[in-house]
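Q: In the working numbering, the protein residues as written are 9 to 304. For reference, the structure I am asking about is given below.
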């Protein structure tokens, strides 16, 4: 049995993996929070698609790939089948998207959250082991059944908690804390699944088809950068009514000519939309704007 090293470059790869999973979770939770307050089906689909990409693509799949950069097998080369790797990424995004569709539409209930978590968790596990099936090396890969089952259970539990957080968490600090927890869960599932793996080297080395990690690294890094920038732009380019109300209120504070005391329920304005529901946007609330300024 060959020696397996999951941390070939020390703690830098798991640290980057965790950071990516937290970043994707933060964006995903913000987008998911807008699904249930969207006014039209088109808006729900739009926010759901962005949430699926942030959670499935960035928080889960990209984390998986970055963690694999630190994976090495003594005495073996490692290559990856690119088409199967792409399929694994699509599985993650689609699984999260369907899970969000289950909990983000209709009347929210525990049954919907559990069903969505089960489907999404199984999809995430399928993504992980599909990605492992894309690996090519000088040996035969085997898995410990008990640890595989444990990784699937972790995936289902993590997905269920993630979906529950996606539809309940509203405040910025709570979103950040939830993302930290989700990052631990996603990484825990990955490394539990990896610990189930064993490799028996072949007696003779043969040619291995596929792409090296270094070959795939640049395209995936660019994909992550442009993907995250695109997600942030989509968030900032489509402010909600709460965002507009908060900005109007902040504008009034900057103008001494407008005497507009803050609503009693507001203690910390949230101009970037991290709260999906805000007392600033409750029906009947009045907010000073530039049009309310007295003429001079």
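Think of the CB as a built atom: it goes at the ideal place given N, C-alpha and C, for glycine as much as any other residue.
Which value, in whole angstroms, describes the spacing of the CA atoms of residue 12 and residue 88?
A: Position 4 of the chain shown, counted from the start, is the residue given in the question as residue 12. Position 80 of the chain shown, counted from the start, is the residue given in the question as residue 88. Roughly 17 Å separates the two Cα atoms.
Q: Run the CB neighbour count on residue 25, radius 10 Å, all protein chains shown included, and call it buried at 16 or more, exposed below.
A: Translated into positions along the chain shown, residue 25 becomes position 17. Result: buried.
Q: Give the single residue among 167, 120, 204 and 233 whose Cα lies nearest to the Cα of residue 150.
A: Translated into positions along the chain shown, residue 150 becomes position 142. The residue with the shortest Cα to Cα distance from residue 150 is 204.
Q: By DSSP's criteria, residue 208 is part of a beta bridge. Which residues make up the other side?
A: On the chain shown, residue 208 is found 200 positions in, with the first residue counted as 1. According to DSSP, residue 208 bridges with 148.
Q: Work out the CA separation of residue 237 and residue 207 for me, nearest whole Å.
A: Against the chain shown, residue 207 aligns to sequence position 199. Against the chain shown, residue 237 aligns to sequence position 229. Going by the C-alpha atoms only, they are around 38 Å apart.
Q: Going by C-alpha to C-alpha distance, which of 163, 246, 261 and 259 sits closest to residue 46?
A: Here residue 46 refers to the residue found at position 38 when the chain shown is read from its first residue. Taking each of 163, 246, 261 and 259 in turn and checking the Cα distance to residue 46, the smallest one comes out for 246.
Q: Under 8 Å Cβ to Cβ from residue 102, same chain only, skipping five residues before and after it: list those, please.
A: Here residue 102 refers to the residue found at position 94 when the chain shown is read from its first residue. These residues qualify, in order along the chain: 60, 64 and 131.
Q: Is residue 166 closer than 8 Å to residue 37 when the C-beta atoms are compared?
A: Indexing the chain shown from 1 puts residue 37 at position 29. Indexing the chain shown from 1 puts residue 166 at position 158. No; because the gap between Cβ atoms is not below 8 Å, this pair is not in contact.
Q: Can you name the residues that DSSP bridges to residue 111?
A: Stepping through the chain shown from its first residue, residue 111 is reached at position 103. Paired residue(s): none; residue 111 is not in a bridge.
Q: Could you check if residue 242 belongs to the surroundings of the ligand FMN, using beta carbon to heavy atom distance under 7 Å?
A: In the structure on display, the ligand FMN does not appear, and there are no ligands present to speak of.
Q: Ignoring anything shorter than 4 residues, give me the alpha helix (DSSP H) runs that lie fully in the region 29-64, in order along the chain.
A: 49-60
Q: Label residue 19 either buried or exposed according to how many other C-beta atoms from any shown protein chain fall within 10 Å of its C-beta, with 16 as the threshold for buried.
A: Here the question's residue 19 lines up with position 11 in the chain shown. Residue 19 comes out exposed.
Q: Start and end of the alpha helix (DSSP H) containing residue 137?
A: Along the chain shown, read from residue 1 onward, the residue named residue 137 stands at position 129. First-last of the alpha helix (DSSP H) with residue 137: 118-141.
Q: Hey, out of 14, 94 and 32, whose CA is closest to residue 189's CA?
A: Working through the chain shown from its first residue, we reach residue 189 at position 181. When each option's Cα is compared against that of residue 189, the closest is 32.
Q: Leaving out five residues before and five after residue 123 in sequence, what residues of the same chain have Cβ atoms less than 8 Å from its Cβ?
A: Here residue 123 refers to the residue found at position 115 when the chain shown is read from its first residue. Excluding sequence neighbours, residue 123 sits near 110.
Q: Closer than 8 Å is the cut-off here; do at least three beta carbon pairs connect the region 179-186 with the region 213-233?
A: no
Q: When the Cα of residue 133 is compared with those of 243, 200, 40 and 15, which residue comes out closest?
A: As a first step, residue 133 is located in the chain shown; it is residue number 125 there, counting from the start. 200 is the residue among 243, 200, 40 and 15 whose C-alpha sits nearest the C-alpha of residue 133.
Q: According to DSSP, is residue 348 helix, strand or coil?
A: Nothing in the structure corresponds to residue 348, since the chain is present only between 9 and 304.
Q: Going by other Cβ atoms of all chains shown within 10 Å of its Cβ, with 16 needed for buried, is residue 16 buried or exposed?
A: Locating residue 16 in the chain shown gives position 8, where the first residue counts as 1. So residue 16 ends up on the exposed side.
Q: For the 8 Å Cβ check, are there 3 or more pairs between the region 136-154 and the region 93-102?
A: yes
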